[in-house]
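Residue numbers (this note's numbering), protein chains in the order written: chain C, 20 to 409; chain Y, 20 to 409. Note that beta-carbon positions come from the ideal geometry of N, C-alpha and C, so glycine has one too. Note that this is a predicted model, so its numbers are computed, not measured.
2 protein chains.
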Amino acid sequence: MKLPGGFAAAGVACGLKSRGGLDLGLLVSDRPATAAGVVTGNRVKAAPVLLTKRLLRTGSARGVVVNAGNANACTGRQGILDAQQMGAAAARAATTHRRQMLVASTGIIGVPMDMGVAVRGIAAAADGLSPGGLDDFADAILTTDTTRKVAAASLDGGASIVGVAKGAAMIAPEMATMLCFIATDAPVDRTVLTSSLTTAMPDSFNAISVDGCMSTNDCVLVLANGAAGGESITLEDARADAFAEALRGVCARLARAIVEDGEGATKVVTIRVDGAVNPKEAKRAASTVASSVLLRCALHGADPNWGRVLAALGTSGIPFDPNLIDVWIGGEQLCARSAPGPGDGGRARLALLEREVEVRVEMNRGGASATVLTNDLSAEYVRLNAEYTT
Amino acid sequence: MKLPGGFAAAGVACGLKSRGGLDLGLLVSDRPATAAGVVTGNRVKAAPVLLTKRLLRTGSARGVVVNAGNANACTGRQGILDAQQMGAAAARAATTHRRQMLVASTGIIGVPMDMGVAVRGIAAAADGLSPGGLDDFADAILTTDTTRKVAAASLDGGASIVGVAKGAAMIAPEMATMLCFIATDAPVDRTVLTSSLTTAMPDSFNAISVDGCMSTNDCVLVLANGAAGGESITLEDARADAFAEALRGVCARLARAIVEDGEGATKVVTIRVDGAVNPKEAKRAASTVASSVLLRCALHGADPNWGRVLAALGTSGIPFDPNLIDVWIGGEQLCARSAPGPGDGGRARLALLEREVEVRVEMNRGGASATVLTNDLSAEYVRLNAEYTT
Numbered sequence: 020m021k022l023p024g025g026f027a028a029a030g031v032a033c034g035l036k037s038r039g040g041l042d043l044g045l046l047v048s049d050r051p052a053t054a055a056g057v058v059t060g061n062r063v064k065a066a067p068v069l070l071t072k073r074l075l076r077t078g079s080a081r082g083v084v085v086n087a088g089n090a091n092a093c094t095g096r097q098g099i100l101d102a103q104q105m106g107a108a109a110a111r112a113a114t115t116h117r118r119q120m121l122v123a124s125t126g127i128i129g130v131p132m133d134m135g136v137a138v139r140g141i142a143a144a145a146d147g148l149s150p151g152g153l154d155d156f157a158d159a160i161l162t163t164d165t166t167r168k169v170a171a172a173s174l175d176g177g178a179s180i181v182g183v184a185k186g187a188a189m190i191a192p193e194m195a196t197m198l199c200f201i202a203t204d205a206p207v208d209r210t211v212l213t214s215s216l217t218t219a220m221p222d223s224f225n226a227i228s229v230d231g232c233m234s235t236n237d238c239v240l241v242l243a244n245g246a247a248g249g250e251s252i253t254l255e256d257a258r259a260d261a262f263a264e265a266l267r268g269v270c271a272r273l274a275r276a277i278v279e280d281g282e283g284a285t286k287v288v289t290i291r292v293d294g295a296v297n298p299k300e301a302k303r304a305a306s307t308v309a310s311s312v313l314l315r316c317a318l319h320g321a322d323p324n325w326g327r328v329l330a331a332l333g334t335s336g337i338p339f340d341p342n343l344i345d346v347w348i349g350g351e352q353l354c355a356r357s358a359p360g361p362g363d364g365g366r367a368r369l370a371l372l373e374r375e376v377e378v379r380v381e382m383n384r385g386g387a388s389a390t391v392l393t394n395d396l397s398a399e400y401v402r403l404n405a406e407y408t409t
Numbered sequence: 020m021k022l023p024g025g026f027a028a029a030g031v032a033c034g035l036k037s038r039g040g041l042d043l044g045l046l047v048s049d050r051p052a053t054a055a056g057v058v059t060g061n062r063v064k065a066a067p068v069l070l071t072k073r074l075l076r077t078g079s080a081r082g083v084v085v086n087a088g089n090a091n092a093c094t095g096r097q098g099i100l101d102a103q104q105m106g107a108a109a110a111r112a113a114t115t116h117r118r119q120m121l122v123a124s125t126g127i128i129g130v131p132m133d134m135g136v137a138v139r140g141i142a143a144a145a146d147g148l149s150p151g152g153l154d155d156f157a158d159a160i161l162t163t164d165t166t167r168k169v170a171a172a173s174l175d176g177g178a179s180i181v182g183v184a185k186g187a188a189m190i191a192p193e194m195a196t197m198l199c200f201i202a203t204d205a206p207v208d209r210t211v212l213t214s215s216l217t218t219a220m221p222d223s224f225n226a227i228s229v230d231g232c233m234s235t236n237d238c239v240l241v242l243a244n245g246a247a248g249g250e251s252i253t254l255e256d257a258r259a260d261a262f263a264e265a266l267r268g269v270c271a272r273l274a275r276a277i278v279e280d281g282e283g284a285t286k287v288v289t290i291r292v293d294g295a296v297n298p299k300e301a302k303r304a305a306s307t308v309a310s311s312v313l314l315r316c317a318l319h320g321a322d323p324n325w326g327r328v329l330a331a332l333g334t335s336g337i338p339f340d341p342n343l344i345d346v347w348i349g350g351e352q353l354c355a356r357s358a359p360g361p362g363d364g365g366r367a368r369l370a371l372l373e374r375e376v377e378v379r380v381e382m383n384r385g386g387a388s389a390t391v392l393t394n395d396l397s398a399e400y401v402r403l404n405a406e407y408t409t
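#1: At least one CB of chain C closer than 8 Å to the CB of A66 (chain Y): is that the case?
#2: V136 (chain Y) and G24 (chain Y) - do their beta-carbons sit closer together than 8 Å?
#3: Going along chain Y, which residues have a C-beta under 8 Å from R402 (chain C)?
#4: Would you tell me roughly how many angstroms separate the C-alpha atoms of A295 (chain Y) and A309 (chain Y), rounded to the nearest one?
#5: Quick check on the DSSP output: the alpha helix (DSSP H) that includes V63 (chain C) runs from which residue to which?
#6: What in chain C is Cβ-close to V63 (chain Y), meaning under 8 Å?
#7: Please tell me whether M120 (chain Y) and G82 (chain Y) are closer than 8 Å, where the distance is taken between their beta carbons.
#8: Nearest by alpha-carbon distance to G126 (chain Y): which of Y:R291, Y:L43, Y:N342 is it?
#9: The alpha helix (DSSP H) spanning T53 (chain C) covers which residue range?
#10: Say whether chain Y places a C-beta atom closer than 8 Å to the C-beta of H116 (chain C).
#11: What residues of chain Y sit near P131 (chain C), judged by a beta carbon separation below 9 Å?
#12: Which residues in the same chain have their Cβ closer than 8 Å to the Cβ of H319 (chain C), if we skip the five residues on either side of it in sequence?
#13: Assuming A29 (chain C) contacts D155 (chain C) under a Cβ cut-off of 8 Å, what Cβ separation, rounded to an integer in Å, is found between them?
#14: If you compare alpha carbons, which of C:A159, C:L45, C:S357, C:A170 is closest to R272 (chain C)?
#15: Which first and last residues belong to the alpha helix (DSSP H) in which T217 (chain Y) is found?
#16: Grouping DSSP H, G and I as helix and E and B as strand, with all else coil, what is K36 (chain Y)?
#17: In this structure, what does DSSP give as the bridge partners for R356 (chain C)?
#18: Which residue comes first and which comes last in the beta strand (DSSP E) that contains S79 (chain Y)?
#19: DSSP beta-bridge partners for L168 (chain C)?
#20: Roughly how many whole angstroms lie between the Cα atoms of S214 (chain Y) and R258 (chain Y)?
#21: Starting from W325 (chain C), follow its DSSP beta bridges and name the residues at the other end.
#22: So V84 (chain Y) and G106 (chain Y) are in contact, right, with Cβ under 8 Å, and what is the actual spacing, rounded?
#23: For the beta strand (DSSP E) holding R291 (chain Y), just list the boundary residues, first then last.
#24: Quick check on this structure: which residue in C:A358, C:W347, C:A355, C:V380 has the alpha carbon closest to the alpha carbon of R366 (chain C)?
#25: In the DSSP assignment, find the alpha helix (DSSP H) that holds I99 (chain Y) and state where it starts and stops.
#26: Let me know if S149 (chain C) comes out buried or exposed under the rule of 16 or more other beta-carbons within 10 Å of its beta-carbon.
#27: Please confirm if I348 (chain C) has its CB atom under 8 Å from at least one CB of chain Y.
#28: Output needed in chain order: residues of the stretch 307 to 321 of chain C with a Cβ under 7 Å from some Cβ in chain Y.
#29: If I measure Cβ to Cβ from P298 (chain C) and keep anything under 7 Å in the same chain, skipping five residues before and after, which residues do I get?
#30: Strictly under 8 Å for the Cβ-Cβ distance: is T94 (chain C) near chain Y by that measure?
#31: DSSP on G376 (chain Y), reduced to helix/strand/coil?
#32: So I290 (chain Y) contacts chain C; which residues on that side make the cut at Cβ distance below 8 Å?
#33: For I128 (chain C), which residues in chain Y fall below 9 Å Cβ to Cβ?
#34: For a contact defined as C-beta to C-beta under 9 Å, what are the partners of C238 (chain C) on chain Y?
#35: Spatial neighbours of A157 (chain C) within its chain, please: CB distance less than 6 Å, with the 5 preceding and 5 following residues excluded, ordered by chain position.
#36: If you draw a straight line from the C-alpha of I277 (chain C) to the C-alpha of T393 (chain C), how long is it?
What follows is the structure in structure tokens.
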């Protein structure tokens, strides 16, 4: 996959990941880029998240430096200084101002960064910057992910959007635990970039749940450097809609890739809720169902246990009529009006053996719908998370 | 264990549990008893829960009939009729009015009760009623539990309180998925019984969490028949406090027994939160931490991953200062002011190898505390819940 024009990237192995492998990435634009971002809603935010959030206020950046292996979260005042030092080192290497370099981290919480290692890694990454460095950059941000996550879209006029992400666990709605970096050479202005990202979030990164745990380090950052040339795209421009739609597609594909690669997951589960009073209620219902550990265990075992869907829904706080719920699993209506439905349980069970699974809930209250992607809960997830820091 | 005076119980194997074993219990008082109860906060309530909730309004009952193997939840209008028929059959067998017989069920959701089997079981249980039938009754309500759960307290004047419970999974704060039946021959009036139960709940059944999933079938029922004799205990009576305290003790022991026997659990985890602004906030913080799948995996692996405590706390919605949190795991202060603390990680790791584990959080906001009991999340939990209905 090629980076958009004017961007270069690199990924190096500097020693921050205890298991080895690429663990430091640098993405740099050769000219100032418009920047937008969204960061975790967790009250406990990692030092790089706090720094990046502040830097984003300028609406402009030249690049981002990111490491895996250490989240630089819950590291106190030193953590803030370390994040600043990472940004400064990367800015120096990219010959730009330190306030133009965004910083992100992922990995273990509560352990001070080894800054000697990080700064050497940044220098090495700067030396390796190249327009073909996307794959190394994408690999350098992974933790327990098993696959590289990249998505791209082409725009009229030769511009493109390329995004990379990491996920794996601590993925909850209203911010997945994940990092996502998107670069585009489309000449979009700040309002278009920000509004496009805002539009893309609800149906992508805020519509996935792996384990209901929200991280301290999440961020989605977008840089638009305009290297493709052409007139600046403003909100009034018809091209703004096309850009927003393309960005939404890239975000949705990366979000799905995160769920597909969820820790220990064997299935991608689409939870679709229809018939809610409004979209917010639909989303809340879908998220509550997606967060049910019991349901996700049942799906892992290919057990079409629709009772667990109702049990979860009943804890959502939504004042629905408990006698009016319909549930389909694997296309079979197993629950009609909150009682056993006409669907074939055997066929539903067969459908649950597939990699793609759908649970659909009809609330019979109104016309709003929402979809949340999650996956099944396996013994492997437990094993991974029991052993992660040991 | 002996039942209080005037009570008889029985448990029989009638065939409602697909795996066999005792699955129908009957508890009857030889005279009218004062009755109080608390049922699930889940919006989706099982048919027996709806029936029992209604019957409790009279404040009086002669007994309770309960089955395992089928929850009679999400079974529509027929489910209500079936619950009524169970109560009527049990009332007939105990020669009392049908409105005097409470009904409870646990087991699979969304499958109609086999009423032929249930009614034959009720007749058999009625034939077997005896003052020594407590253990069989306690066994008949178990599902994936591995141990019988009984607790008792003696009161001045020769009266006693005896309770039994079942738990295992779908255990969340603000009502565990569980059944609990308590009998006492103390001559307490309705206000004392109700207020004592209300007082006992927050620190017992509403302070435990196994998997954050709230069931459709929970109930805690208390019958007081006064068979021990003596003057009726009213709220003004000093003995009312002693009764409330004894009931609290019985509830707390049963609640702990449920957590100790949580599905797949290898540890009992006490989450204690201090320094909250008020008890409600403290409880919310403790519950949020206790519900973190990631933290519970870490504890299973004896990994003192305090960062996951902060990450969970940050999603609680409590407006705390993210720089002021202290965390102790296994008595070691691993986090001070939201950064690595002076405690010894190695010693914390050793402490986590024990069966009893404590995680303590100091929020440094106020003087309120709360404690929630939970357990670790093991691969065995996933296995049990992937295979439960198959």
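Looking at the atomic coordinates:
#1: No, A66 (chain Y) lies away from the interface with chain C (no Cβ there is under 8 Å from its Cβ).
#2: Result no, Cβ atoms of G24 (chain Y) and V136 (chain Y) do not sit closer than 8 Å.
#3: Using a Cβ-Cβ cut-off of 8 Å, R402 (chain C) is close to A398 of chain Y, given in chain order.
#4: Each residue's CA atom was taken as its position, placing A295 (chain Y) and A309 (chain Y) some 16 Å apart.
#5: No alpha helix (DSSP H) holds V63 (chain C); DSSP gives it neither H nor E.
#6: Going along chain C in sequence order, the residues near V63 (chain Y) (Cβ under 8 Å) are L329, A330, L332, G333, P341, I344, S357.
#7: The criterion of a C-beta distance shorter than 8 Å is satisfied by M120 (chain Y) and G82 (chain Y).
#8: Of the listed residues, the one whose Cα sits closest to G126 (chain Y) is Y:L43.
#9: DSSP places T53 (chain C) outside any alpha helix (DSSP H); the residue lies instead in the beta strand (DSSP E), whose first and last residues are 43 to 58.
#10: Closer than 8 Å to the CB of H116 (chain C) there is not a single CB belonging to chain Y.
#11: Near P131 (chain C) (Cβ distances below 9 Å), the residues of chain Y are A358, P359.
#12: Contacts found: T285, K286, D395, L396, S397.
#13: Indeed they touch by this definition, with Cβ atoms about 6 Å apart.
#14: Nearest of C:A159, C:L45, C:S357, C:A170 to R272 (chain C), Cα basis: C:A170.
#15: Here the alpha helix (DSSP H) through T217 (chain Y) covers 209 to 219.
#16: Taken through DSSP and simplified to helix, strand or coil, K36 (chain Y) comes out as coil.
#17: According to DSSP, residue pairing for R356 (chain C) in a beta bridge does not occur.
#18: Residues 79 to 86.
#19: Per the sequence presented here, residue 168 (chain C) reads as Lys, with Leu not at that position. Paired residues: C:A184.
#20: Straight through space, the alpha carbons of R258 (chain Y) and S214 (chain Y) are spaced by roughly 13 Å.
#21: Paired residues: none, contrary to the question.
#22: The pair is a contact, with the Cβ atoms about 7 Å apart (cut-off 8 Å).
#23: Segment 287 to 295, the beta strand (DSSP E) holding R291 (chain Y).
#24: Nearest Cα to R366 (chain C) within the set C:A358, C:W347, C:A355, C:V380: C:W347.
#25: Residue range 95 to 112 is occupied by the alpha helix (DSSP H) that includes I99 (chain Y).
#26: With fewer than 16 Cβ atoms within 10 Å of its Cβ, S149 (chain C) is classed as exposed.
#27: Chain Y, which has no Cβ nearer than 8 Å to the Cβ of I348 (chain C), makes this no.
#28: Result list: S311, V312, L313, C316, A317, H319, G320.
#29: Cβ neighbours of P298 (chain C) beyond the five flanking positions: A387, A389.
#30: With 8 Å as the cut-off, T94 (chain C) counts as an interface residue toward chain Y.
#31: Per the sequence shown, residue 376 (chain Y) should be read as Val rather than Gly. DSSP places V376 (chain Y) in strand when its eight states are reduced to three.
#32: Under the 8 Å cutoff, chain C gives no residues; its nearest Cβ is about 15 Å from I290 (chain Y).
#33: Residues of chain Y whose Cβ lies closer than 9 Å to the Cβ of I128 (chain C) are, in chain order, N324, W325, G326, R327, L329, A330.
#34: Within chain Y, no C-beta atom comes less than 9 Å from the C-beta of C238 (chain C); the nearest is roughly 15 Å away.
#35: Only R167, V169, V183 meet the Cβ criterion.
#36: When rounded, the separation of the alpha-carbon atoms in I277 (chain C) and T393 (chain C) is 10 Å.
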